[in-house]
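Number of protein chains: 2
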Amino acid sequence: MDVDAYMAERIPLIDAAIESRFDPGPTIPESLRDAMRHLLFPGGKRIRPIFALAAAEAVGGRAEAALPIAVAVELVHTYSLVHDDLPCMDDDATRRGRPTVHVAFDEATAVLAGDALLTEAFAVLSDPTMSSGDPAAVMLSIHALATAAGAAGLVGGQVDDLLFSPETDGAVDHERLASIHSRKTAALFRAAIVGGAALGGASESERKSLLVFAEEIGVAFQIADDLLDADSDEAASILRVQGLDDAKRGAEGLLDRALGRIEGMCERAEPLRELARFCVRRDR
Amino acid sequence: MDVDAYMAERIPLIDAAIESRFDPGPTIPESLRDAMRHLLFPGGKRIRPIFALAAAEAVGGRAEAALPIAVAVELVHTYSLVHDDLPCMDDDATRRGRPTVHVAFDEATAVLAGDALLTEAFAVLSDPTMSSGDPAAVMLSIHALATAAGAAGLVGGQVDDLLFSPETDGAVDHERLASIHSRKTAALFRAAIVGGAALGGASESERKSLLVFAEEIGVAFQIADDLLDADSDEAASILRVQGLDDAKRGAEGLLDRALGRIEGMCERAEPLRELARFCVRRDR
């Protein structure tokens, strides 16, 4: 199958669902609305939401059933970029070739836009007009996202990322780095894939397999990112503790193991498998 | 009834439920955990969570049923204080006689602690071990909180609060100020009371009455706060656009109307009525 075509087909679906959250309705201050949209349109690869849709399909559900978690995960991903870029954190002035939110607006607006994006993620998931599925599945997806994004996940990973400096013992660094990647990157892959599967009607055993699959693919995705970005001065890069070839082999090993977890799934899991391969072998 | 005794009885219940979210379990970086707890213990009056419990009782439910939304609303209230205090917002160095989070820790930790508190609110609500109620009621409480806290609620109110300067036309100011108070203060009262009622098994018509009750009490609470704080230099104070006596009369009028909304409720709504009176007539 053509993974590029699969992605290109699903992006408009995801974009329209995100866009619908900004339809005229409740009053949002204009500067806040603009700041919230700044990194959303144009957005990135939308890889996490695409995984959510593919996970719903892999367990026999409709891709559309996973739209609430797809949108929610993209909103959380975007909030985390807005806050990570702040002067008190990574202090980045540009992202994807454009000024970051605190540069295009101001610092207070960037903090508040991030807060609003994070909150909106849970508004989408709990919106009765968005979710057609059964409330128990929706609850599972909300809990998956809140756990992935919180103090033991994304936020905790960013705290440790800020503290990380690759100056000490290599073995210790490798472990700490893996833990940061698991929380900063893999966490949202877990929420997207397990949440999408839940909304697609997954059984408990399917959700369990997909949780491990998502963790492995999320970490492999981050390694591929570090490899594409090999000459950056990022402290928390796998290349600070491992050579290029070792890192590549590591990512391929994770991919193999991940694909093994979903071996038993039917043909409808094929897009999920192709997306996993894309994550590791991509050149962008 | 003795409203002080009622409050004193319920605070330990609420504190224990908040404390249980920090039980050893998932790994949270120590500095993050400490920063999250900084404004939680010792906390404030816990007025919003107490309202949540009283709302559950008012519709014939058990107070304990409302604990998830009680905890969640207190976490969201605390996150909003942490972020509002930041240098790029109100730049406050102390709160309740102690250093604010960015002073006691640092700015990055304060942003991240706020993010984690907000996220944890939704983790509590969606945690299957916290909620014994039916998933539809839980979903209602999650949606009430996300709507209250988001871009059209708390966050939007803070954006407009930062822009507010009471220099222009008085009538326009009064309207804008009311809108800020509705979003910054009343929103979380709405989430606490409607969410608590939902978890207590409220009917749709009970939820509708309580929504208006909560809005009116929330605004009255804010007026009482401004009156207690009459000599502060807060820009967005009712006393900038209204005299002391007018403001007092306004709060009493809101209280009367609010009590009218729940007139038909049984004796079990008595604590809710007493709490409403306390909010408006308190001296602390």
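Protein sequences appear in the order of chains A and B.
Start counting the first sequence at 1; every next residue gets the next number (our numbering).
Start counting the second sequence at 1001; every next residue gets the next number (our numbering).
Glycine included, every Cβ here is placed at the ideal spot set by N, Cα and C.
Checklist entry - Between A/V101 and A/A93, is the Cβ-Cβ spacing less than 8 Å? => result Here residue 101 of chain A is taken as the residue at index 101 of the first sequence, counted from 1. Here residue 93 of chain A is taken as the residue at index 93 of the first sequence, counted from 1. Cβ atoms of A/V101 and A/A93: not closer than 8 Å.
Checklist entry - In its own chain, which residues sit with a C-beta less than 8 Å from the C-beta of A/R249, not counting the 5 before and 5 after it? => result Looking up residue 249 of chain A in the first sequence gives position 249. Cβ within range, chain order: n/a, list empty.
Checklist entry - Going by C-alpha distance, which of B/P1068, B/P1012 and B/P1029 is nearest B/P1042? => result Here residue 1042 of chain B refers to the residue found at position 42 when the second sequence is read from its first residue. The shortest C-alpha separation from B/P1042 is found at B/P1012.
Checklist entry - Which chain B residues are close to A/I180, counting only those with a beta carbon under 8 Å from its beta carbon? => result Stepping through the first sequence from its first residue, residue 180 of chain A is reached at position 180. Those within 8 Å of A/I180 in chain B number zero; the least Cβ separation is about 11 Å.
Checklist entry - Would DSSP call B/P1068 helix, strand or coil? => result Looking up residue 1068 of chain B in the second sequence gives position 68. Helix.
Checklist entry - Can you list, in chain order, the residues of the region 140-166 of chain A whose Cβ is nearer than 7 Å to any Cβ on chain B? => result I142, H143, A146, T147, A149, G150, A151, A152, V155, G156, Q158, V159, D160 and L162
Next on the checklist: When you compare the CB of A/V138 with every CB in chain B, is at least one pair closer than 8 Å?
Outcome noted: Within the first sequence, residue 138 of chain A is the residue found at index 138, counting from 1. Yes, A/V138 lies at the interface with chain B (some Cβ there is under 8 Å from its Cβ).
Next on the checklist: Given a cut-off of 8 Å on the beta-carbon distance, is the pair A/A292 and A/R48 in contact?
Outcome noted: With chain A running from 1 to 284 in the structure shown, residue 292 of chain A is simply not present.
Item to check | Same chain only: Cβ atoms within 6 Å of A/D226, ignoring 5 sequence neighbours per side | outcome: Within the first sequence, the letter at position 226 stands for residue 226 of chain A. Here the set comprises S237, I238 and L239.
Checklist entry - In chain B, which residues lie with their C-beta within 7 Å of the C-beta of A/H83? => result The count along the first sequence starts at 1 and reaches residue 83 of chain A at position 83. The contacting residues are V1111 and D1115.
Next on the checklist: Using beta carbons (cut-off 8 Å, strictly below), is B/F1189 in contact with chain A?
Outcome noted: For the purposes of this step, residue 1189 of chain B is taken as residue 189 along the second sequence, with counting starting at 1. No - not a single Cβ of chain A is within 8 Å of the one on B/F1189.
Next on the checklist: Which residues of the region 202-233 of chain A have a Cβ closer than 7 Å to any Cβ of chain B? Give them in chain order.
Outcome noted: none
Checklist entry - In the DSSP assignment, what residue or residues form a beta bridge with B/T1094? => result Within the second sequence, numbered from 1, the residue matching residue 1094 of chain B stands at position 94. B/T1094 is bridged to B/P1099.
Checklist entry - Are the region 215-231 of chain A and the region 74-90 of chain A in contact at 8 Å, needing three or more beta carbon pairs? => result no
Checklist entry - Are the region 182-199 of chain A and the region 148-163 of chain A in contact at 8 Å, needing three or more beta carbon pairs? => result yes
Checklist entry - If you compare alpha carbons, which of B/D1004, B/G1196, B/R1033 and B/L1259 is closest to B/E1285? => result Past the boundaries of the shown model lies residue 1285 of chain B; chain B is included only from 1001 to 1284, so the question cannot be answered.
Checklist entry - Counting Cβ pairs, one atom from each stretch, are 3 or more of them under 8 Å apart for the region 117-124 of chain A and the region 1136-1147 of chain B? => result yes
Checklist entry - Short check: CB of A/S205 to CB of A/I262, under 8 Å? => result Translated into positions along the first sequence, residue 205 of chain A becomes position 205. Translated into positions along the first sequence, residue 262 of chain A becomes position 262. Result no, Cβ atoms of A/S205 and A/I262 do not sit closer than 8 Å.
Item to check | Test: B/S1020 CB closer than 8 Å to a CB of chain A | outcome: As a working note, residue 1020 of chain B is residue 20 in the second sequence. So, not an interface residue.
Checklist entry - For A/S203, which residues of its own chain have a beta-carbon under 8 Å away from its beta-carbon, when the five flanking residues on both sides are left out? => result Against the first sequence, residue 203 of chain A aligns to sequence position 203. Taken in chain order, the residues that qualify are V59.
Checklist entry - Near B/A1070, what residues of its chain come up, given a Cβ to Cβ distance below 8 Å and the 5 sequence neighbours on each side ignored? => result Indexing the second sequence from 1 puts residue 1070 of chain B at position 70. If we look at B/A1070 and ignore the five residues flanking it on each side, its Cβ neighbours are I1014, A1017, R1048, P1049, I1050, A1052, L1053, A1192 and G1196.
Next on the checklist: Quick check: is the beta carbon of B/F1105 nearer than 8 Å to any beta carbon in chain A?
Outcome noted: As a position in the second sequence, residue 1105 of chain B is number 105, starting the count at 1. No - not a single Cβ of chain A is within 8 Å of the one on B/F1105.
Next on the checklist: With a threshold of 8 Å on Cβ separation, who are the neighbours of A/T119 within its own chain once the five nearest residues in sequence on each side are excluded?
Outcome noted: If you number the first sequence from 1, residue 119 of chain A lands on position 119. So the list is empty, once near-sequence residues are dropped.
Checklist entry - What in chain A is Cβ-close to B/A1108, meaning under 7 Å? => result Residue numbering aside, residue 1108 of chain B sits at position 108 when the second sequence is read from its first letter. Per Cβ cutoff of 7 Å: C88, M89 and L162.
Next on the checklist: In this structure, how does DSSP classify A/D231 when only helix, strand and coil are distinguished?
Outcome noted: One-based indexing of the first sequence puts residue 231 of chain A at position 231. A/D231: coil per DSSP, three-state reduction.
Item to check | Where B/E1120 meets chain A, residues with beta-carbon distance less than 7 Å | outcome: Walking along the second sequence from the start, residue 1120 of chain B turns up at place 120. Within chain A, the residues near B/E1120 are G150 and A151.
Checklist entry - Taking just the CA atoms, how far does A/G200 sit from A/L67? => result As a first step, residue 67 of chain A is located in the first sequence; it is residue number 67 there, counting from the start. As a first step, residue 200 of chain A is located in the first sequence; it is residue number 200 there, counting from the start. Spanning the two alpha carbons is a distance of roughly 10 Å.
Checklist entry - From the beta carbon of A/A123, is the nearest beta carbon of chain B less than 8 Å away? => result As a working mapping, residue 123 of chain A is identified with position 123 in the first sequence. Yes - at least one Cβ of chain B is within 8 Å of the one on A/A123.
Checklist entry - A/T100 versus chain B: which residues are under 9 Å apart at the beta carbon? => result Here residue 100 of chain A is taken as the residue at index 100 of the first sequence, counted from 1. Near A/T100 there are no residues of chain B at all, since even the closest Cβ is about 14 Å away, more than 9 Å.
Item to check | Cutoff 6 Å; reference B/Q1222; Cβ partners in own chain excluding five residues on either side | outcome: For the purposes of this step, residue 1222 of chain B is identified with residue 222 of the second sequence, where counting begins at 1. Counting only Cβ-Cβ distances below 6 Å, and skipping sequence neighbours, we find H1181 and T1185.
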